[in-house]
Every structure is written in C-alpha cells, then in structure tokens.
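Colleague: Numbering of the sequence shown is given in this note's numbering, commencing with residue 1 and proceeding in unit increments. Every residue gets a Cβ at the ideal spot worked out from N, C-alpha and C, and that includes glycine. It should be emphasised that the depicted structure is a prediction, and the values quoted were computed from it without experimental measurement.
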Amino acid sequence: MKAISLWQPWASAMALGLKRVETRHWYTSYRGPLLIHAAKKRVQWPDIAIEQMPVDYPLPLGAIVCKVYLARCAKINQEIRDTWPEEIEWGDFSDGRVAWFTGNLQAFSKPIPYKGSQGFFNVPESIVREALNGHPPN
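(1) Opposite residue 22 in the DSSP bridges: which residues?
(2) In chain order, what residues of the same chain have a beta carbon less than 8 angstroms from the beta carbon of residue 77, not counting five sequence neighbours either side?
(3) With a threshold of 8 angstroms between beta-carbons, can residue 101 be considered close to chain C, or not?
(4) Which residues in the same chain as residue 60 place their Cβ atom closer than 6 angstroms to its Cβ, once the five residues preceding and following it in sequence are excluded?
(5) Quick one: what's got a C-beta closer than 8 angstroms to residue 88's C-beta in the same chain, skipping five residues either side?
(6) Have a look at 92, 18 and 33 and flag the residue whose alpha-carbon is nearest the alpha-carbon of residue 71.
(7) Give me, in chain order, the residues of the same chain whose beta-carbon lies closer than 6 angstroms to that of residue 20; leave out the 5 immediate sequence neighbours on both sides.
(8) For residue 31, which three-state DSSP category applies?
(9) What would DSSP say about residue 113, mapped onto helix, strand or coil?
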C-alpha cells in the first residue's frame, strides 16, 4: 500500500481530521488508499497546531497514524484557497504548489511503527493487517 511521510504535528492533524488537504510541490496521478506516516523529524509547531491539537494527544514519530483516500490533485489557486480556508494554516497554499485532496479517513487507534522515506513508499498490507489485529481503527 502506498504511504507518504508528513512531519508532526501535520501527520496527527490528518489523523484527527483537522487537516484534509496535503500540499506538495509536485503533482501525482495516483488515486487511491494512502497511509499517512509521521516522520521521525521534529519541527516547530505552527500556531494553528497549538490552538487546535488536543493537549494530551500523543505525537508518534516514525509510525503510520492513519489511512486516507487520495481523491484528487489540483494546482493551488485563489479558488482553492477560498473554498478551503480552514486548511490554509495547515499547509503551504502558495501559487504553483499542488493540493492533494483526501477523504475517507481511517485513524488507527495505535500507531504502526515503520521506517518512512521521502516521496511515496510502499508498505506491505500484511504489516498493516498484522498491526491492526485486535486494534481496529477508530
């Protein structure tokens, strides 16, 4: 199954449903299930995360935190910024970047430890199934 790494707190924001649009500098033709992996690197939190993230919410590093469905990609423009104002603080919505629109969030009750990579990487479905055995998604 395809996966992509996001830094924290953006990965957990996606798992909580606070973030539904990922922004990248590149387009993908891929559509389908996508695992969201929390990278190991810690970065400074944006103000929005401090305001919206639950205080006691764990921020796992080096783990898969949820599965979404990548539904479409589009070049960012003013129409997208106007349509998705709640997402602006969670990404770089500059002209020329690409918005990845996700849906069908399936947050995992326990993070799945896994080594990430840059760009898309593949995670064997058996690892996800095994990790979720007895720990159904939320």
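Modeller: So, from the listed chains and residues:
(1) 100
(2) 95
(3) Checking the listed chains, one finds no chain C in this structure; it contains a single protein chain.
(4) 38 and 111
(5) 81
(6) 33
(7) 102
(8) coil
(9) strand
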